[in-house]
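Beneath this line is the structure, given in structure tokens, with notes to follow.
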Amino acid sequence: MEITISSINVKLCCFLSLSLTSLIAGAGLSVETVKIIVGNQPSLSQSAEDAIDDLDLLGFTLTEIYQGTKTETNYYGSDAQNLPIKPAYPFKALFKIAPIKQPSDANFYDLDGDNFPALTEQTALTMQWYYTSNTGVPVAFTPTNSDTFCNLTSANKVGPYLLTISGNLILASRYGVPNTNEYPNETITLTPSKTYTILADAGICYAQPNLIPNSSLYTGEQWSAKNGFLTQSDSHGETNFPRTAFYNAHFSLMLAKKGLVNNYNWEIKKGADLITILPQKDNIVVTFNGSLASNTAAARSLVVNSNGGYDVLITGTHNTSGAIIKYPFKVANWYSGWNGSTAPNSAFAARVSWNNVAAACSALLPVGGYRLPYDDEASNAALGTGANPQAFFTREISKMIFSEWGKIDASSYPDTFGFNANTARRFWVINKANNDICDIHLYNQKYHCRDVNETKNAVCIATP
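FYI, in mature numbering (1 follows the signal peptide of the UniProt record, and there is no 0) the residues of the sequence shown are -27 to -1, 1 to 437.
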């Protein structure tokens, strides 16, 4: 008898089929009773569903630029407090929708005990901005690429500034039927969303020293020709103006809109040994005339012996809401006139030879604690090479006294080492590259080297 593989397969298949049918019949079951069991839909927890329009799982990503480095941070729920916002800089491009935060066991519920894999968007999430009307009602708007919170406030689009993230969601479990649940649905009719307060108030927008010199060719990116230095941070004082100071130097803190200063109670939280503040109608005047500012030895000690700089913190507390705005800064370099804290009593006396100035700086108290500055301790102008090189300084934070404070004279900064306008405006400095004696012009930002036998004004820098 011939047996083939095909016949064996047929017989084996028939045997298995008959056996399976016999087993089902013997158990009193029919083929029709083998069905999929329908269970319960997965869902968010009761507390999450009750607050579906305040869902902390929806968040935003904020890009912070700190000292040239970009950092992206995702914010969800209560994490979104004390955000690193620069109110005078465009903000639109810094915000985007964050990935949906996946629910924890406390936020996820499945009666059947099916595993949870994902909460995803059913439709693309959206981001909507709001400013606050004069009656306290949120008003939706779409910011432009150039909008800042400062210019919004000046246009009567005031804070608090809100950001809402919203969209339809799908919750899915790994097993079970059904294994998905949509939001909104027949029971939960609200669209999932979360609204964040990004900024309660635009706060302090600018720190304004003397705006002269102000050539458009020689201004840094932190500088506004109309308003002064843009606020860099409300937490990193080392990034804000000023990083340099001298006795009776003063500048104005400018809010986004005139008349807002009186809405706040202003205080010096740190730094009262060197500064005083005077709130006025439209600005807060900060002056380096604190109890120790005129003492060259004491002021030097406060700055030079500090850890990276002398900390100052000015705060304003809103009279009704209690919201607090801050302006921190950190003074890293202190200067004095070569004749002491204030100017000599004549234009002739203000102009001296460089060697006499160098000796006068060294004689300031404490003896040996001051000297004539190098060029990079006076401004950010850097000489090139070649015949008769010259350079120009820009207005920039942290780039030393003239880049920060501009033209220092008796008109702009009364009772300082600055002399009368249009006199004694050229200051001695030492070229760090070759120790040549050079000078900087405060009226046109020029830095060059000329005859060392000339007479000029000077300022002294405190040294460790």
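Every residue gets a Cβ at the ideal spot worked out from N, C-alpha and C, and that includes glycine.
Being a predicted model, the structure only gives us computed values, none of them experimental.
- Annotation: residue 64 is outside any beta strand (DSSP E) and is labelled neither H nor E by DSSP.
- Here residue 210 carries a helix assignment [DSSP, helix/strand/coil].
- A residue is called buried once 16 or more other Cβ atoms fall within 10 Å of its Cβ, and residue 60 is buried on that count.
- Per the DSSP secondary-structure output, residue 101 pairs in a beta bridge with 137.
- Note that the C-beta distance between residue 224 and residue 181 is below 8 angstroms.
- Collapsing the DSSP output to three states places residue 144 in a strand.
- Distance from the Cα of residue 361 is smallest, within the candidate group 332, 382, 409, 397, for 409.
- If you compare the alpha carbons of 154, 348, 342 with that of residue 414, the shortest gap goes to 348.
- In the DSSP secondary-structure assignment, residue 313 is bridged to 310.
- Residue 279 places its beta carbon 8 angstroms or farther from that of residue 433.
- Segment contact: the region 195 to 204 against the region 213 to 229, three or more CB-CB distances shorter than 8 angstroms; contact assigned.
- When secondary structure is reduced to three states using DSSP, residue 375 falls in the helix class.
- Across the structure, residue 40 and residue 208 are spaced so that their CA atoms are roughly 13 angstroms apart.
- Note: residue 412 is bridge-paired with 401, 421 in the DSSP secondary-structure output.
- Every unbroken stretch of the alpha helix (DSSP H) spanning 4 or more residues and falling wholly within the region 18 to 80 is given here in chain order: 19 to 23.
- In the structure shown, residue 332 adopts helical secondary structure according to DSSP, grouped into three states.
- The beta carbon of residue 131 is closer than 7 angstroms to those of 104, 105 in its chain, skipping five residues each way along the sequence.
- The beta carbon of residue 333 sits closer than 7 angstroms to the beta carbons of 311, 312 from its chain, once the five residues preceding and following it are set aside; these are given in chain order.
- Looking at the DSSP output, residue 195 bridges to nothing.
- Taking residue 63 as the centre and dropping the five residues before and after it, the same chain places the C-beta of 118, 119, 120, 121 closer than 7 angstroms to its C-beta, in chain order.
- Between residue 53 and residue 174, the gap from beta carbon to beta carbon reaches 8 angstroms or more.
- When the beta-carbon positions are compared, residue 246 and residue 265 come within less than 8 angstroms of each other.
- Spanning the alpha carbons of residue 407 and residue 71 requires a straight line of approximately 53 angstroms.
- By the CB criterion at 8 angstroms, residue 171 and residue 92 fall outside the cutoff.
- The continuous stretches of beta strand (DSSP E) do not include residue 235, and DSSP gives it neither H nor E.
- Shown here, residue 273 sits in a helix according to DSSP, grouped into three states.
- Within the DSSP bridge table, the entry for residue 181 names 225 as partners.
- Within the same chain, and ignoring the five residues on either side of residue 393 in sequence, the residues whose Cβ sits closer than 6 angstroms to its Cβ are 383.
- Going by beta carbons, residue 389 and residue 283 fall outside the 8 angstroms limit.
- Annotation: residue 298 to residue 428 spans about 46 angstroms, alpha carbon to alpha carbon.
- For residue 124, the secondary structure class from DSSP, reduced to helix, strand or coil, is helix.
- A straight line joining the alpha-carbon of residue 166 with that of residue 137 spans about 7 angstroms.
- Apart from the 5 residues on each side of it in sequence, residue 275 sits with its Cβ closer than 7 angstroms to the Cβ of 246, 247, 265, 283 in its chain, given in chain order.
- DSSP lists 435 as the beta-bridge partner residues of residue 343.
- If you draw a straight line from the Cα of residue 342 to the Cα of residue 36, it comes to about 42 angstroms.
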